Amino acid sequence: MAKSNTDQFLDHNRRYAKGEAVHRPSHPGKQPIQPARRVAVVGCMDARLDIEDLLGLQTGEAHVIRNAGGVVTEDAIRSLVISHHLLNTNEIILVHHTRCGMLAFTDDLLKAGLEGDPTASELLGKATARNFVSPARSSTSPAAFHAFRGPLEPLDAPPDASNLERLQWDVRRGISAILNHPWIPTSGPDAVTVRGFIYDVDTGLLEEVPHPGATGSIG
Ligand SMILES: [Zn+2]
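What follows is the structure, given as structure tokens:
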């Protein structure tokens, strides 16, 4: 059986981690609108992740959906439904990563800081080593920031068993959200596959997160 695109990208990733430039710069306008590898990636916006480089993706091969954390949010699902049903992708790859900023705060803490709680503002300022200036106003949107659940880590903390587990929990939650969505088929002739990974920003390597598995609890 032929190797899946995801497995080919893992081969690329091992070469990338050794310093090889697998992604080649390309001129725009020469590719069809449907991604040639039929792949959609959901990855964190972290400035240290070059998704095309670390997967060895070429221009025109994949959709890349990015947000804070690489979280499978309602908006990520929106893009994935369009990606599959209208643009023919059939492999989804989730990329979380070590040292992610989403380990360093909670939704409640950030919301309290934004709404003017001085203790929260001080904690956020300390955690990020910048002056947190609270707008001191309330808002109903965004309804959630999707910070990763579990005990807070210092910003940019190196990987350990505890924060890796928190990353894995969120990858699994994302895989489950996709597998359980009524508009994303994961069986039958039109099935989409979903696999999740944690990218190590120190080594450049991707590690697969087994699914199913623990997803952690609130609090
Ligand atoms: Zn991140």
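In terms of the working numbering, the sequence shown opens at residue -14 and continues consecutively. Quick reminder that beta carbons are idealized off the backbone N, C-alpha and C, glycines included. Every value quoted in this text rests on a predicted model; they were computed, and no experiment measured them.
Rounded C-alpha distance that separates residue i from residue j
i	j	result
residue -5	residue 181	12 angstroms
residue 77	residue 164	11 angstroms
residue 116	residue 16	45 angstroms
residue -10	residue 202	33 angstroms
residue 71	residue 128	28 angstroms
residue 186	residue -8	20 angstroms
residue 45	residue -12	20 angstroms
residue 5	residue 137	35 angstroms
Whole-angstrom C-beta distance between residue j and residue i, which should lie under 8 angstroms
i	j	result
residue 61	residue 27	5 angstroms
residue 66	residue 168	5 angstroms
residue 157	residue 103	The Cβ separation is near 36 angstroms, so there is no contact.
residue 42	residue 50	Incorrect: roughly 13 angstroms between the Cβ atoms, too far for contact.
residue 68	residue 100	About 35 angstroms separates the two Cβ atoms, so there is no contact after all.
Buried or exposed by the 16-neighbour rule on C-beta atoms within 10 Å, applied to residue i
i	result
residue -14	exposed
residue 10	exposed
residue 204	Annotation note: pLDDT 49 at residue 204 (below 50); position unreliable, no value reported.
residue 3	exposed
residue 152	buried
residue 118	exposed
Report task. Could you name the residues whose beta carbon sits closer than 6 angstroms to any heavy atom belonging to ligand 1, keeping them in chain order? Result -> Working through the chain, the matches are 29, 31, 54, 82, 85, 86, 87.
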